[in-house]
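Chains as they are written, first to last, in our numbering: chain A, 71 to 468; chain B, 316 to 513.
Set out below in structure tokens:
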């Protein structure tokens with residue numbers, strides 16, 4: 071967590087006997103994700119099992135009821151994502167986990183959640199595709215995360231690279247989703263979801279947890295409440311709290327009116343959504359950079375592949391190749407300005423990904439005038455080995 | 316920029332030595348459980364860092380299966396085995412598939428009942444322990460992983476305490492079977508040390 075605050079206490083989330091005590095644990099990424107969600111105050115899990123996201127759901131089925139939460143096995147992924155929307159409007163923080171084919175089925179609901187500004191978190195443990203593909207690791211849904219849902223709605227997507235980050239970034243996902251009233255995606259892979267590593271659980275009252283802003287928090291009387299107005303992020307009234315709840319995913323005005331349609335209203339409504347996220351990209355996004363000083367070449371990576379990339383970068387430096395390392399912790403909104411500021415001028419940028427080259431496109435777009443060449447290093451269905459990345463780096467730089 | 320300048324968050328060299336263990340066998344032999352127990356024992360009870368991964372296929376029983384544990388005093392970046400220091404092969408297929416990835420002079424622990432073609436003893440340090448037979452003596456094949464962990468212990472005793480492995484086992488087996496798993500561990504260890512289980 072970047073900042074520590076006694077927010078969990080303020081949010082009245084009791085640790086209870088079933089919270090994990092602070093300390094070091096040896097857990098799977100899937101399990102760390104669920105513990106992070108519980109720590110963030112998430113109390114609803116609605117899902118449908120699919121390999122390799124089954125462990126997440128299985129663990130949730132055990133843990134959510136233990137802490138007084140709800141676990142629902144839905145009839146499919148469409149219903150799962152819709153259950154998150156309903157739960158969120160009922161006032162709960164809600165989570166689901168799925169993989170490629172299930173993620174496709176959730177796209178309609180994600181779009182509705184973007185338009186209705188519904189906070190919720192979806193974890194995509196990416197499997198190799200397309201179609202049913204295979205159950206091994208991949209990063210082939212990273213573009214679907216941004217563009218898979220219809221319309222022009224923005225999204226926030228995070229990419230954890232360790233078991234600890236499965237915990238930390240799930241908490242951050244809930245923080246961002248409540249702060250910006252938007253669905254947040256955690257884009258992980260089989261690799262991180264099934265790997266076991268040490269996980270340090272902090273004391274529950276030191277974890278920063280954010281709650282959504284409600285009209286009553288801002289002193290807005292029910293009669294004056296504009297469900298889509300007041301601030302960049304409109305305060306969200308939940309069912310049963312005395313305010314008119316306006317759930318709408320059609321183009322709408324500030325008061326929720328959908329009948330006075332005009333192209334201007336359409337533009338205003340959708341542009342506001344876009345600006346809410348893209349306009350605040352600098353504050354929302356995070357990257358991690360190492361060995362950037364005077365580096366001649368640069369590896370840009372995300373998720374599980376960054377584990378290999380780091381090993382390769384260290385070995386390349388040992389060989390005398392000046393290779394820097396940059397990891398995207400936030401995939402979307404794409405941290406374009408941040409990248410341009412941090413990266414100086416380099417010769418070659420290497421982008422290893424467990425797909426045929428997806429994030430290399432926005433990377434190229436952002437840095438085309440700051441480098442000579444962008445080289446994609448693809449791998450399908452298996453994590454790159456350090457030797458593989460190194461051989462590509464040697465090939466290009468010799 | 317030179318390698319000397321690369322330090323991790325705690326100020327140590329990022330590239331700390333790794334000890335890499337690979338366990339290979341068939342699904343149902345406890346291959347994944349051995350990995351989990353080893354990782355937990357190294358991490359929680361020895362204060363080292365470790366990453367445990369396992370192969371992920373559609374088969375839950377019978378298919379080829381492997382589990383890997385990378386142990387280090389520092390950060391572990393690449394989570395998988397690069398060149399194993401130790402291979403536990405509970406099946407011939409497991410041995411044949413992964414022997415080429417074992418370092419020269421590396422340790423091989425095999426079950427002679429299932430591994431008939433034992434690797435080159437000039438090249439590797441080969442230990443044969445009939446883990447399955449010993450497991451059958453005390454109650455069945457499901458105790459094979461604890462026998463294997465017992466047989467493994469003398470080979471890695473310089474890195475881990477016996478109590479850490481025992482603790483790892485008791486945390487990861489059903490509570491009613493802890494006692495018999497401890498017996499399995501003891502017999503495996505005794506066979507590895509003395510050439511007989513009892």
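All C-beta atoms, glycine included, are put in the ideal place defined by N, C-alpha and C. Just so you know, these numbers come straight off a predicted model, no measurement behind them.
Which term fits residue i, buried or exposed, when burial requires 16 or more other beta carbons within 10 angstroms of its beta carbon?
i, result
"residue 362(B)", "exposed"
"residue 473(A)", "Beyond the ends of chain A as shown, which are 71 and 468, falls residue 473(A); an answer cannot be given."
"residue 302(A)", "exposed"
"residue 132(A)", "exposed"
"residue 113(A)", "buried"
"residue 136(A)", "exposed"
"residue 501(B)", "buried"
"residue 397(A)", "buried"
"residue 305(A)", "buried"
"residue 510(B)", "exposed"
"residue 309(A)", "exposed"
Give the secondary structure of residue i by DSSP, where H, G and I count as helix, E and B as strand, and everything else as coil.
i, result
"residue 112(A)", "coil"
"residue 333(B)", "strand"
"residue 338(A)", "helix"
"residue 190(A)", "strand"
"residue 426(B)", "coil"
"residue 280(A)", "coil"
"residue 444(B)", "coil"
"residue 163(A)", "coil"
"residue 369(B)", "strand"
"residue 257(A)", "strand"
"residue 143(A)", "strand"
"residue 496(B)", "helix"
"residue 432(B)", "coil"
"residue 39(A)", "Since the first and last residues shown for chain A are 71 and 468, residue 39(A) lies out of range."
"residue 460(B)", "helix"
"residue 405(B)", "coil"
"residue 157(A)", "helix"
"residue 211(A)", "coil"
"residue 244(A)", "helix"
"residue 395(B)", "coil"
"residue 107(A)", "helix"
"residue 196(A)", "strand"
What does a CB cutoff of less than 7 Å around residue i pick up in its chain, not counting 5 residues either side in sequence?
i, result
"residue 493(A)", "With chain A running from 71 to 468 in the structure shown, residue 493(A) is simply not present."
"residue 394(B)", "366, 368 and 385"
"residue 222(A)", "340 and 344"
"residue 144(A)", "116, 117, 118, 150 and 153"
"residue 377(A)", "231"
"residue 312(A)", "292"
"residue 456(B)", "447 and 450"
"residue 478(B)", "none"
"residue 478(A)", "Residue 478(A) cannot be examined here, being either before or after the span of chain A that is shown, 71 to 468."
Short of 8 Å in beta carbon distance, which residues of its chain neighbour residue i, apart from the five on each side in sequence? Order them along the chain.
i, result
"residue 234(A)", "102, 267, 268, 269 and 270"
"residue 121(A)", "169, 197 and 205"
"residue 138(A)", "86 and 113"
Below 6 Å CB to CB, which residues in the same chain sit around residue i once its five sequence neighbours on both sides are set aside?
i, result
"residue 404(B)", "339, 410, 425 and 430"
"residue 439(B)", "421 and 423"
"residue 444(B)", "466, 506 and 507"
"residue 379(B)", "408"
"residue 432(A)", "404"
"residue 446(A)", "421, 427 and 430"
"residue 164(A)", "114, 154, 157, 158 and 190"
Beta-carbon of residue i versus every beta-carbon of chain C: anything under 8 Å?
i, result
"residue 453(A)", "Among the chains of the structure shown, chain C does not appear; the protein chains present are A and B."
Entirely enclosed alpha helix (DSSP H) segments - the stretch 345-395 of chain A, minimum 4 residues: 351-354 and 375-388
Contact set between the stretch 246-275 of chain A and chain B, restricted to residues whose Cβ is under 8 Å from the partner: 260, 261, 264, 265, 266, 267 and 268
Proximal residues, the stretch 372-402 of chain A versus chain B, C-beta separation under 7 Å: 377, 378, 380, 381, 384, 387, 388 and 392
Contacting positions in the stretch 393-411 of chain B - beta carbon closer than 8 Å to chain A: 393, 394, 395 and 397
Selection of the stretch 351-368 of chain B by Cβ proximity to chain A, strictly under 8 Å: 351, 354, 355, 358, 359, 364, 365, 366, 367 and 368
Short-range partners of chain B found in the stretch 80-111 of chain A, where Cβ spacing is below 8 Å: 94, 95 and 96
Interface positions of the stretch 293-327 of chain A facing chain B (Cβ-Cβ less than 8 Å), listed along the chain: none
Within 7 Å of chain B by C-beta, residues of the stretch 456-468 of chain A in sequence order: 456
Complete runs of the alpha helix (DSSP H) confined to the stretch 398-468 of chain A [at least 4 residues]: 406-412, 430-437 and 456-467
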